[in-house]
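Okay, so the sequence shown: first residue is 2 according to the numbering used here, each after it adds one.
Have a look at the structure below before the remarks.
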Amino acid sequence: MEHLIHVLQTDRSDSEIIGYALDTLYNVISNDLEEEEQDDSEEENSAKQVDDLGSQFTEIFIKQQENVTLLLTLVEEFDFHVRWPGVKLLTSLLKQQGPQVQQIILVSPMGVSRLMDLLADSREVIRNDGVLLLQQLTKSNAAIQKIVAFENAFERLLDIITEEGNSDGGIVVEDCLLLLQNLLKNNNSNQNFFKEGSYIQRMKPWFEVGDDNCGWSAQKVTNLHLMLQLVRVLVSPTNPPGATSSCQKAMFHCGLLQQLCTILMATGVPADILTETINTVSEVIRGCQTNQDYFASVNAPSNPPRPAIVVLLMSMVNERQPFVLRCAVLYCFQCFLYKNQKGQGEIVSTLLPSTIDGNSVSAGQLLCGGLFSTDSLSNWCAAVALAHALQENATLKEQLLRVQLATSIGNPPVSLLQQCTNILSQGDKIDRRGSKVQTRVGLLMLLCTWLSNCSIAVTHFLHNPANVPFLTGQIAENLGEEEQLVQGLCALLLGISIYYNDNSLENYRKEKLKQLIEKRIGRENFVEKLGFISKHELYSRAAQKPQPSFSSPDHMMFDHEFTKLVKELEGVISKAIYKSSEEDKKEEEVKKTLEQHDNIVTHYKKVIREQDQELEELKQRINTLTSQNEQLQATVTQQVSQIQQHKDQYNLLKVQLGKDTQHHNSHGDTFQINGIQTEEVSKLKEELEEWKNKHELLQGQLKEKDSVIEKLNSSQLEMGTTEQSSQTNKFGGLEHNNELQKELEMLRSQIQLQSAEISKLQMENQKLQVMKATADPALGDTTAAMSSELEARLEQEIKELKSQVKALSEEKEALKQHLDSSSSTVAILQDEKSKLQREVAESKKEQDDLLVLLADQDQKISALKIKLKDLGVPVEDEDDTESGDQGDEDEDGDEEEQD
Numbered sequence: 002m003e004h005l006i007h008v009l010q011t012d013r014s015d016s017e018i019i020g021y022a023l024d025t026l027y028n029v030i031s032n033d034l035e036e037e038e039q040d041d042s043e044e045e046n047s048a049k050q051v052d053d054l055g056s057q058f059t060e061i062f063i064k065q066q067e068n069v070t071l072l073l074t075l076v077e078e079f080d081f082h083v084r085w086p087g088v089k090l091l092t093s094l095l096k097q098q099g100p101q102v103q104q105i106i107l108v109s110p111m112g113v114s115r116l117m118d119l120l121a122d123s124r125e126v127i128r129n130d131g132v133l134l135l136q137q138l139t140k141s142n143a144a145i146q147k148i149v150a151f152e153n154a155f156e157r158l159l160d161i162i163t164e165e166g167n168s169d170g171g172i173v174v175e176d177c178l179l180l181l182q183n184l185l186k187n188n189n190s191n192q193n194f195f196k197e198g199s200y201i202q203r204m205k206p207w208f209e210v211g212d213d214n215c216g217w218s219a220q221k222v223t224n225l226h227l228m229l230q231l232v233r234v235l236v237s238p239t240n241p242p243g244a245t246s247s248c249q250k251a252m253f254h255c256g257l258l259q260q261l262c263t264i265l266m267a268t269g270v271p272a273d274i275l276t277e278t279i280n281t282v283s284e285v286i287r288g289c290q291t292n293q294d295y296f297a298s299v300n301a302p303s304n305p306p307r308p309a310i311v312v313l314l315m316s317m318v319n320e321r322q323p324f325v326l327r328c329a330v331l332y333c334f335q336c337f338l339y340k341n342q343k344g345q346g347e348i349v350s351t352l353l354p355s356t357i358d359g360n361s362v363s364a365g366q367l368l369c370g371g372l373f374s375t376d377s378l379s380n381w382c383a384a385v386a387l388a389h390a391l392q393e394n395a396t397l398k399e400q401l402l403r404v405q406l407a408t409s410i411g412n413p414p415v416s417l418l419q420q421c422t423n424i425l426s427q428g429d430k431i432d433r434r435g436s437k438v439q440t441r442v443g444l445l446m447l448l449c450t451w452l453s454n455c456s457i458a459v460t461h462f463l464h465n466p467a468n469v470p471f472l473t474g475q476i477a478e479n480l481g482e483e484e485q486l487v488q489g490l491c492a493l494l495l496g497i498s499i500y501y502n503d504n505s506l507e508n509y510r511k512e513k514l515k516q517l518i519e520k521r522i523g524r525e526n527f528v529e530k531l532g533f534i535s536k537h538e539l540y541s542r543a544a545q546k547p548q549p550s551f552s553s554p555d556h557m558m559f560d561h562e563f564t565k566l567v568k569e570l571e572g573v574i575s576k577a578i579y580k581s582s583e584e585d586k587k588e589e590e591v592k593k594t595l596e597q598h599d600n601i602v603t604h605y606k607k608v609i610r611e612q613d614q615e616l617e618e619l620k621q622r623i624n625t626l627t628s629q630n631e632q633l634q635a636t637v638t639q640q641v642s643q644i645q646q647h648k649d650q651y652n653l654l655k656v657q658l659g660k661d662t663q664h665h666n667s668h669g670d671t672f673q674i675n676g677i678q679t680e681e682v683s684k685l686k687e688e689l690e691e692w693k694n695k696h697e698l699l700q701g702q703l704k705e706k707d708s709v710i711e712k713l714n715s716s717q718l719e720m721g722t723t724e725q726s727s728q729t730n731k732f733g734g735l736e737h738n739n740e741l742q743k744e745l746e747m748l749r750s751q752i753q754l755q756s757a758e759i760s761k762l763q764m765e766n767q768k769l770q771v772m773k774a775t776a777d778p779a780l781g782d783t784t785a786a787m788s789s790e791l792e793a794r795l796e797q798e799i800k801e802l803k804s805q806v807k808a809l810s811e812e813k814e815a816l817k818q819h820l821d822s823s824s825s826t827v828a829i830l831q832d833e834k835s836k837l838q839r840e841v842a843e844s845k846k847e848q849d850d851l852l853v854l855l856a857d858q859d860q861k862i863s864a865l866k867i868k869l870k871d872l873g874v875p876v877e878d879e880d881d882t883e884s885g886d887q888g889d890e891d892e893d894g895d896e897e898e899q900d
């Protein structure tokens with residue numbers, strides 16, 4: 002082995018020899034035996050020897066953790082001859098020493114992630130063996146299961162199942178489903194991840210079976226069986242309630258439950274698949290009201306259609322059906338009623354006299370038929386099913402007391418409770434198929450459930466004088482081991498009759514029953530017999546899980562929910578037997594106070610619930626009212642605006658039509674005169690408005706002229722600085738002066754026009770007065786009043802016009818003054834301009850004289866320099882350069898002046 006490992010370490014580049022080394026190690030460690038013709042004893046011995054050898058070789062190999070890490074590195078190689086034998090060897094190591102190899106892979110960097118890449122391999126052989134490897138890797142290791150799940154295993158495995166054809170696929174689908182079970186079973190984290198990833202929705206196509214269900218292959222049955230088990234893993238009663246509930250809701254919303262119910266009611270489905278489907282549907286609906294309501298509405302495709310529950314109960318009470326199927330139907334019925342008071346009520350209502358329908362078979366009738374049949378298994382199943390219909394529902398326990406049964410023709414009907422006790426007491430006389438103990442245990446469980454926490458039922462039970470003697474007789478006898486269970490249940494039933502007794506029957510008060518036990522049985526003996534129940538082996542089996550799973554019909558004795566009741570009541574009844582009458586009285590008082598307290602609490606809860614409902618309703622009403630209020634306010638604002646518009650229009654029409662109506666009522670001539678007067682007045686007003694506008698325009702123009710004069714004044718101050726600015730200001734002042742004169746001429750002409758208009762208006766006013774004088778004197782007071790009103794208006798308007806004319810004349814005078822002042826300023830500016838021009842001429846003359854002097858001096862200097870040179874006096878170059886520079890500067894200066 003050391004040499005083989007050395008080859009793996011050193012010859013990595015040679016894929017062929019690596020492949021051979023891995024194959025050799027696989028053959029050494031693997032337990033796969035070749036088929037040889039050997040005796041059974043020899044085969045067993047050789048298998049044990051090989052198993053021991055394989056484990057020993059595995060221990061040697063994994064002693065050095067580097068070997069497993071090396072193997073993980075080789076599995077990463079893409080070469081088929083290296084990767085495939087590496088996968089097989091690692092799988093074999095996990096089979097031999099699973100936990101140790103798992104731990105090494107878990108601690109190695111990216112160990113699990115490397116193996117996850119096998120699922121993405123395009124070569125099916127490697128991919129399929131990779132699934133088998135991951136199966137071994139994920140066994141009983143929650144940490145690795147989580148890593149594999151978060152490495153996108155669900156997505157890849159579901160893709161493989163879809164590619165392979167879902168339930169019609171081969172063994173690869175089976176391997177994938179087994180791996181999914183490993184990842185999800187008892188792993189709440191992965192279950193939640195599976196649900197949150199919307200993978201439940203992808204399970205629905207698995208259960209789409211066709212109408213033709215004949216000839217299912219063994220592989221399809223296996224695949225569908227595993228698929229159903231996978232659904233059950235997600236909704237198992239052992240999971241946390243919150244997780245189970247969310248998965249149940251998801252299965253309903255995606256249509257998975259509907260698909261399962263279709264298989265449930267389909268024909269030609271194999272018995273084991275049908276049984277597993279019933280179990281799966283049971284757990285999908287267990288404790289989920291929505292799913293339970295849907296299941297109650299499912300009908301079988303029969304004519305006439307029957308509810309699925311009725312069809313299933315028919316199978317349960319039919320002794321010809323397989324035992325496993327009958328157990329599954331019972332479990333389905335129990336799950337349907339679990340925490341489902343509505344469903345319980347519907348089942349019990351089918352037994353009540355008012356709702357019995359003679360034409361169709363109901364669930365209640367089937368249960369009664371099973372309860373009183375000669376098949377002990379049917380008796381037990383029907384009793385347990387009916388007990389579940391009463392579980393934790395005191396109202397239905399009281400209603401079931403009303404059920405009457407017709408025993409035979411001519412005899413009066415008997416209550417269901419009485420009939421159960423009659424069968425219990427006559428159990429040995431009736432010829433039954435199966436265990437007689439089973440029937441009696443079933444009936445005693447039903448009676449214990451019925452009487453517990455229901456004083457009225459206890460009173461009805463004790464009212465029959467034969468019941469208490471029968472129970473005490475059963476408990477007091479020394480029977481065989483098989484009958485001890487019946488004795489224990491009889492003791493429990495008698496204890497319930499004492500504990501929940503309200504002392505309404507004088508002969509069967511609590512104290513008298515205790516005395517009876519003391520005399521006939523003995524308290525110690527009674528408690529001992531009561532303890533037989535919880536000590537029984539079948540009791541402890543039933544207490545483990547809700548699903549009734551029994552190896553044979555004879556082992557079908559206890560129900561899971563009943564074991565909870567026994568656990569709850571056993572200690573309480575034992576204490577109650579030993580209590581004195583005073584203690585009982587005290588306990589009764591405490592019970593009464595507690596009941597009162599509970600009643601008060603329930604009352605307040607009810608009140609709070611009602612108040613909550615009222616609050617919700619009021620909130621909804623407030624919301625609706627606020628929305629309506631907003632809508633109404635919007636409409637009101639619209640209407641207000643519309644009303645305002647209509648008012649404005651109405652006022653306009655009133656103004657326009659009011660005068661017309663007045664004129665219509667008066668004489669026609671007056672109408673004409675008044676019409677003319679109104680028209681004239683409106684014209685006068687319009688003209689007045691025009692003159693006002695013109696006046697405002699003139700004022701604006703005057704302001705502009707004032708600003709121009711101010712500018713001229715400022716420019717006059719700046720004239721002394723530069724010659725160019727003064728010239729421009731002078732020319733600008735002259736231009737503005739000309740413009741002002743033109744503006745004044747225009748204003749004069751406008752004022753003349755205004756005076757002409759005013760004289761014209763005065764003439765029209767005189768005409769109107771003449772027309773008024775010549776009008777018919779019989780027009781009355783109305784015409785005189787109207788004419789006087791018009792005269793007053795006209796006089797007022799004439800006054801206003803005169804005042805405006807006066808204001809305009811005043812403004813005209815002001816403008817003249819402004820003009821005179823501006824003309825004087827212009828004359829002053831002209832004088833200053835002439836002065837400046839003279840000064841400029843004088844400065845130019847002086848400049849010319851200076852230039853002439855400079856030129857003479859330059860000539861003299863150059864002549865002197867020549868003479869000095871002739872005389873031999875040295876002349877410095879600096880002087881030359883300086884003079885040259887100066888000459889250049891002078892030239893530059895001249896050029897600048899010319900520019």
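Cβ coordinates follow ideal geometry from the N, Cα and C atoms, glycine included.
For this session: State the DSSP-derived secondary structure class of isoleucine 6, mapped to helix, strand or coil.
Result: Per DSSP, reduced to three states, the secondary structure at isoleucine 6 is helical.
Exercise. Thinking C-beta only, is glutamine 136 closer than 8 Å to leucine 179?
Worked result: yes
Exercise. Helix, strand or coil: which one does DSSP assign to valine 841?
Worked result: helix
For this session: Could you spell out where the alpha helix (DSSP H) holding methionine 228 opens and where it closes?
Result: Taken as a continuous stretch (DSSP letters only), the alpha helix (DSSP H) holding methionine 228 covers 219 to 235.
For this session: Go through its chain and collect everything with a Cβ distance to valine 174's Cβ below 6 Å, but skip five positions before and after it.
Result: Ile162, Glu165, Asn224
Exercise. So tyrosine 501 is in the alpha helix (DSSP H); what residue range does that whole segment cover?
Worked result: No alpha helix (DSSP H) contains tyrosine 501, which DSSP labels as neither H nor E.
Problem set entry | Separation of serine 16 from aspartate 80, as counted between CA atoms | Cα to Cα, the separation comes out at about 7 Å.
For this session: Give the DSSP bridge partners of serine 416, in chain order.
Result: Gln405, per the DSSP bridge assignment.
For this session: With a cut-off of 8 Å on the beta carbons, I'd call methionine 315 and arginine 327 a contact; round off their distance for me.
Result: With 8 Å as the limit, methionine 315 and arginine 327 do not qualify as a contact, their Cβ atoms being about 11 Å apart.
Problem set entry | Per-residue DSSP class, three states only, for aspartate 53 | DSSP places aspartate 53 within a helical segment (H, G or I) once states are collapsed to three.
Exercise. In three-state DSSP terms, what is proline 308?
Worked result: DSSP places proline 308 in strand when its eight states are reduced to three.
Exercise. Bridge partners of arginine 434, per DSSP?
Worked result: Asp376
For this session: Can you give me the Cβ contacts of glycine 781 inside the same chain, cut-off strictly under 6 Å, excluding the 5 residues immediately before and after it?
Result: Bear in mind that a pLDDT of 44 at glycine 781, under 50, signals an unreliable position, so the number given afterwards is only what the model happens to contain. Around glycine 781: no qualifying Cβ.
Exercise. Helix, strand or coil: which one does DSSP assign to valine 815?
Worked result: Checking the sequence, you will find alanine at residue 815 rather than valine. It is helical.
Exercise. Nearest CA to the CA of glutamate 746: which residue from Ser823, His696, Lys813, Asp871?
Worked result: Lys813
Exercise. What do you get for proline 413, buried or exposed, if any count of 16 or more other CB atoms within 10 angstroms of its CB means buried?
Worked result: exposed
Exercise. Between which two residues does the alpha helix (DSSP H) harbouring asparagine 14 extend?
Worked result: Correcting the residue identity first, residue 14 is serine in this sequence and not asparagine. Looking at the DSSP string, serine 14 is not in any alpha helix (DSSP H), and its letter there is neither H nor E.
For this session: Report back the beta-carbon spacing between glutamate 284 and cysteine 336 to the nearest angstrom; my notes put them in contact at under 8 Å.
Result: With a Cβ gap of about 7 Å, glutamate 284 and cysteine 336 count as contacting.
Exercise. How would you write the range of the alpha helix (DSSP H) that aspartate 160 sits in, first residue to last?
Worked result: 154 to 164
Exercise. So what does DSSP say about alanine 267, is it helix, strand or coil?
Worked result: coil
Exercise. So is serine 363 buried or exposed if we call it buried at 16+ other beta carbons inside 10 Å?
Worked result: buried
Problem set entry | CA nearest to the CA of histidine 226, picked from Tyr200, Leu275, Lys186 | Leu275
For this session: Less than 8 Å between the CB atoms is what I'm expecting for arginine 128 and leucine 73, so what's the real figure, rounded?
Result: About 18 Å; that fails the 8 Å criterion.
Exercise. If you run the structure through DSSP and keep just helix, strand and coil, what is alanine 364?
Worked result: helix
For this session: Report yes if the C-beta distance between cysteine 289 and glutamine 249 is below 8 Å; otherwise report no.
Result: yes
Problem set entry | Bridge partners - asparagine 300, DSSP secondary structure assignment | Pro308
For this session: Evaluate glutamine 419 with the Cβ neighbour count: other Cβ atoms within 10 Å of its Cβ, from every protein chain shown; 16 or more gives buried, anything less gives exposed.
Result: buried
Exercise. Do alanine 150 and leucine 120 have their CB atoms nearer than 8 Å?
Worked result: no
Exercise. Can the beta-carbon of glutamine 439 be found less than 8 Å from the beta-carbon of methionine 558?
Worked result: yes
Exercise. If you compare alpha carbons, which of Thr351, Ile424, Pro323 is closest to serine 552?
Worked result: Minimum Cα-Cα distance from serine 552 among the listed residues Thr351, Ile424, Pro323 corresponds to Pro323.
Problem set entry | Inter-stretch contact (C-beta, 8 Å, three-pair minimum) for the region 381 to 391 and the region 442 to 449 | yes
Exercise. Terminal residues of the continuous alpha helix (DSSP H) containing isoleucine 274?
Worked result: 272 to 286
For this session: Could you check the C-alpha separation between glutamate 843 and lysine 712 for me, to the nearest Å?
Result: C-alpha separation (whole angstroms): 30 Å.
Problem set entry | DSSP three-state assignment for cysteine 289, whether helix, strand or coil | coil
For this session: Assign glycine 885 to one of three DSSP states: helix, strand, or coil.
Result: Bear in mind that the predicted position of glycine 885 carries a pLDDT of just 49, short of 50, making it unreliable; the figure below should be weighed with that in mind. Three-state result, glycine 885: helix.
Exercise. From what residue to what residue does the alpha helix (DSSP H) around alanine 577 run?
Worked result: 561 to 579
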